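See structure below.
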Amino acid sequence: MQLRNFSFIVLTLFILNSCTGDSLLPVKGPEGDPSTELSLAEFDDLPIPLNSKLDKEKSIIFSKRDGWYGRLTFNTSEKQINVYDFFRNELPKFGWKKLSEISSDTSILNYQNQSRLALIQIKENLIYGSNVMVTVTELESSK
2 MQLRNFSFIV LTLFILNSCT GDSLLPVKGP EGDPSTELSL AEFDDLPIPL
52 NSKLDKEKSI IFSKRDGWYG RLTFNTSEKQ INVYDFFRNE LPKFGWKKLS
102 EISSDTSILN YQNQSRLALI QIKENLIYGS NVMVTVTELE SSK
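Numbering (this note's numbering), first residue to last: 2 to 144.
Right under this line is the structure:
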C-alpha cells in the first residue's frame, strides 16, 4: 500500500513539473548561447529601417551555416509607404532580387537571393509607425 501511495505521489509530481514549462527566449547562433538574446543588429544580410524595435514574442529564427530562416517581426516609427520604399530601394543593395511587390493596406514584397526567399509584409500601426514581418525560407534545390 505504501509503495502504491509513493508511486502515485511521484507520478503526480512528475506530471505537475512537466506542465510548468520553461520560458523560451530567442537566442543567437546554432550553439544556443542563452546569454545572447536576439537583436536586429545580427541581421546583416537584410536592410532594417532606423529606429526599429524587435518584437521578440512574434519572431522565431533558425540559424544555419548558409544563413538564417524564420520570421523576424519588428515595429518602426516610419509610415508604411516609407518602409515599403525603403525595402524596394535597399534590398537590391543586399543582393536580393525582386519577384513581386504589392502596395495596399498590407503591402507585400517578395524577394529572392541565391539560396533563400523573403516575404515582407508591412502594415500601418493604428497609432504610430508600421509593423513589419519578414519571413525568410530556404529555396528548394533543383536537381
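Heads up, the beta-carbon is just placed ideally off N, CA and C, and yes, glycines get one too. Since the model is a prediction, treat every value here as computed from it, not as a measurement.
C-alpha distance - residue i paired with residue j, whole-angstrom precision
i	j	result
Ser101	Leu127	26 angstroms
Ser53	Thr107	18 angstroms
Pro27	Glu139	Residue placement at Pro27 is poorly supported in this model, since its pLDDT is 40, which falls under 50; the coordinates still yield a value, given next. For Pro27 and Glu139, the distance between alpha carbons rounds to 20 angstroms.
Thr136	Ser116	14 angstroms
Ser78	Asp56	14 angstroms
Ile49	Ser104	19 angstroms
Asp45	Phe63	15 angstroms
Gly68	Glu58	21 angstroms
C-beta atoms of residue i and residue j nearer than 7 angstroms
i	j	result
Trp97	Asn114	yes
Ser60	Leu47	no
Gln81	Ser142	no
Residue range of the unbroken beta strand (DSSP E) whose run includes residue i
i	result
Glu125	117-125
Leu110	107-113
Gly68	68-77
Glu102	98-103
Endpoints, the alpha helix (DSSP H) within which residue i is located
i	result
Phe87	81-91
Nearest-angstrom Cβ-Cβ length linking residue i and residue j, presumed shorter than 8 angstroms
i	j	result
Leu92	Tyr112	5 angstroms
### Message
Check whether the segment 120-134 and the segment 72-92 touch, using three or more Cβ-Cβ pairs below 8 angstroms as the test.
### Response
yes
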